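Mapping of the sequence shown onto UniProt numbering: position 141 corresponds to residue 141, and the numbering continues sequentially without gaps. Backbone N, C-alpha and C define an ideal beta-carbon position, used for all residues, glycine too. Being a predicted model, the structure only gives us computed values, none of them experimental. Encoded as structure tokens, the structure appears first; notes follow it.
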Amino acid sequence: MSTIRSAKTAPALLELSADNWRLAVLVGLVVSALAVVTLPASGSFWVVGAMSALVAAAFAVNAYRRRYYGGLLVAPAIAVLFVMNIFPLLWSLGLSFFAYQSNLQSIRFVGLNNYIKVLTDEVAAPGNWSALINTAMFAVCTVSAQMIVGFLLAMLFAKQFPLRKYLLILVLTPMMLSVVASGVFFTYYYDPTFGILSYVINSVAGGQFIVMDSKAGAVAGIVFADAWMWSPFVMLLVLAGLVSVPKYLYEAAAIDRVSAWRRFWSITFPYIRGLLMLALLFRTIEAFKLADLVIVLTKGGNDTMTISYHLIRIANEQNKTSEGAAISYIILFIVIVLTNLYLYVANPKNREA
1 MSTIRSAKTA PALLELSADN WRLAVLVGLV VSALAVVTLP ASGSFWVVGA
51 MSALVAAAFA VNAYRRRYYG GLLVAPAIAV LFVMNIFPLL WSLGLSFFAY
101 QSNLQSIRFV GLNNYIKVLT DEVAAPGNWS ALINTAMFAV CTVSAQMIVG
151 FLLAMLFAKQ FPLRKYLLIL VLTPMMLSVV ASGVFFTYYY DPTFGILSYV
201 INSVAGGQFI VMDSKAGAVA GIVFADAWMW SPFVMLLVLA GLVSVPKYLY
251 EAAAIDRVSA WRRFWSITFP YIRGLLMLAL LFRTIEAFKL ADLVIVLTKG
301 GNDTMTISYH LIRIANEQNK TSEGAAISYI ILFIVIVLTN LYLYVANPKN
351 REA
């Protein structure tokens, strides 16, 4: 039976036709692999691009002849997604297996050496691990602060009170600002000469107060600035869950004289649990990309270097493109593991098991 099936499919695979997408994929993969191995980077780039266009054209012709018009309608969006996201992702993954620097013209295949170097090299590894530890510290501190402040703000704005609408707009304002603008604002806020915080503390305690003078102060300053910006995001998600709780459940709980804690745990929390996990997931992912605030506020001084800022310095300032690509995929692996862990915890079936 398998022999008959292979005999039927083999001619279809090798048939020269404009809609034979299987043959186009096979040719594209083989030619792209040969081009990457044998040609220089400038030449292999265009060969891989041409093969991608060939495969896309074969899929389009196949969809047109078989009247898959739905696929044709979404094809432009898929093409944009491939060009803007998928192709750079695959290209950077390929670069991580080569010895390549953006300021040099030579490139050679080195396999896993870049990954081994960034994890074990006596010169590079200490900086990588220190930046990764700092990133984990910032992730725990900033996400915890954002979850607590955002949850408390959501509980506050879930109730009706005078000027609620205007205060809500005011609280949401930090999230609308750019990160650089917020960083510059906090640079002036923490300034030891004319900053508001330093002025208040100097008036009370006397003497000059410099927030960023130590690692603890620098970390606290970055955490406060990041929490100030993104706590409203957590508030919005939690608030969406709070306003969706049916009012009759609270009325029934009031009739039964249920305590406030029991009412929250049995009625409110089940409606916001999924949104809390979603906010926790989003903010944790963003915490691993923390670099702009660090650049503006400390420039990595006082041992506040994060892995994203470290990656920027390696790839852009030191022109170590392949090592930077390897670090970026290590970060991606960590984020994927954390995401799957969050999803496992958030799934009620896993908790019951």
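- Boundaries of the alpha helix (DSSP H) harbouring Y248: K247 to I255, taken from the DSSP string.
- DSSP, reduced to helix, strand and coil, places A99 within a strand of the structure shown.
- If only uninterrupted alpha helix (DSSP H) runs of at least 4 residues are considered, those enclosed by the segment 160 to 200 are 164 to 176 and 179 to 189.
- Residue range I107 to F109 is occupied by the beta strand (DSSP E) that includes I107.
- Nearest to L112 by C-alpha distance, out of S96, V25 and G217, is S96.
- Within the same chain, A225, D292, L293, I295, V296 and L297 come within 8 Å of G183 by CB-CB distance, once the 5 residues on both sides are set aside.
- Taking a contact to require three or more Cβ pairs closer than 8 Å, the segment 124 to 139 and the segment 272 to 279 do not qualify as touching.
- Between V219 and T304 a beta carbon distance of about 6 Å is seen, short of the 8 Å cut, so the two are scored as contacting.
- Here T284 carries a helix assignment [DSSP, helix/strand/coil].
- Comparing C-alpha distances from E323 to each of V27, V118, I107 and A33 shows the shortest one belongs to V118.
- The alpha-carbon separation between V245 and N85 amounts to approximately 38 Å.
- Measuring C-alpha to C-alpha distances from A227 to each of I169, T268, F138 and R313 identifies F138 as the nearest.
- Take the alpha-carbon of V200 and the one of G217: they are about 16 Å apart.
- Assignment of K299 by DSSP, reduced to helix, strand and coil, places it in the coil class.
- Rounded to whole angstroms, F269 and L281 show a C-alpha spacing of 18 Å.
- Approximately 12 Å separates the beta-carbon atoms of A240 and G150; this is outside 8 Å, ruling out the contact.
- A straight line joining the alpha-carbon of D19 with that of V171 spans about 55 Å.
- When C-beta atoms of the segment 16 to 32 are compared with those of the segment 47 to 66, three or more pairs fall below 8 Å, so the two segments count as touching.
- S231: member of the alpha helix (DSSP H) spanning K215 to L242, first to last residue.
- Residue environment analysis places S259 among the exposed positions, since fewer than 16 neighbouring C-beta atoms fall within 10 angstroms of its C-beta.
- Within the same chain, and ignoring the five residues on either side of I330 in sequence, the residues whose Cβ sits closer than 8 Å to its Cβ are Y115, V118 and L119.
- By the criterion of a C-beta distance shorter than 7 Å, K299 is surrounded by no residue of its chain, once the five residues flanking it on both sides are discounted.
- Between S130 and F87, the C-beta gap is not smaller than 8 Å, which leaves the two residues out of contact.
- Between R262 and Y250 a beta carbon distance of about 12 Å is seen, past the 8 Å cut, so the two are scored as non-contacting.
- Boundaries of the alpha helix (DSSP H) around N113: N113 to T120.
- Following the DSSP letters along the chain, one finds R262 inside the alpha helix (DSSP H) bounded by residues A260 to R263.
- DSSP places T304 in the coil class of the three-state scheme, outside both helix and strand.
- Judged by beta-carbon spacing, W230 lies beyond the 8 Å limit of Q318, meaning their Cβ atoms are not closer than that value.
- In the displayed model, E323 falls within a helix according to three-state DSSP.
- With respect to the 8 Å criterion, I327 and I314 are classified as neighbours on the basis of their beta carbons.
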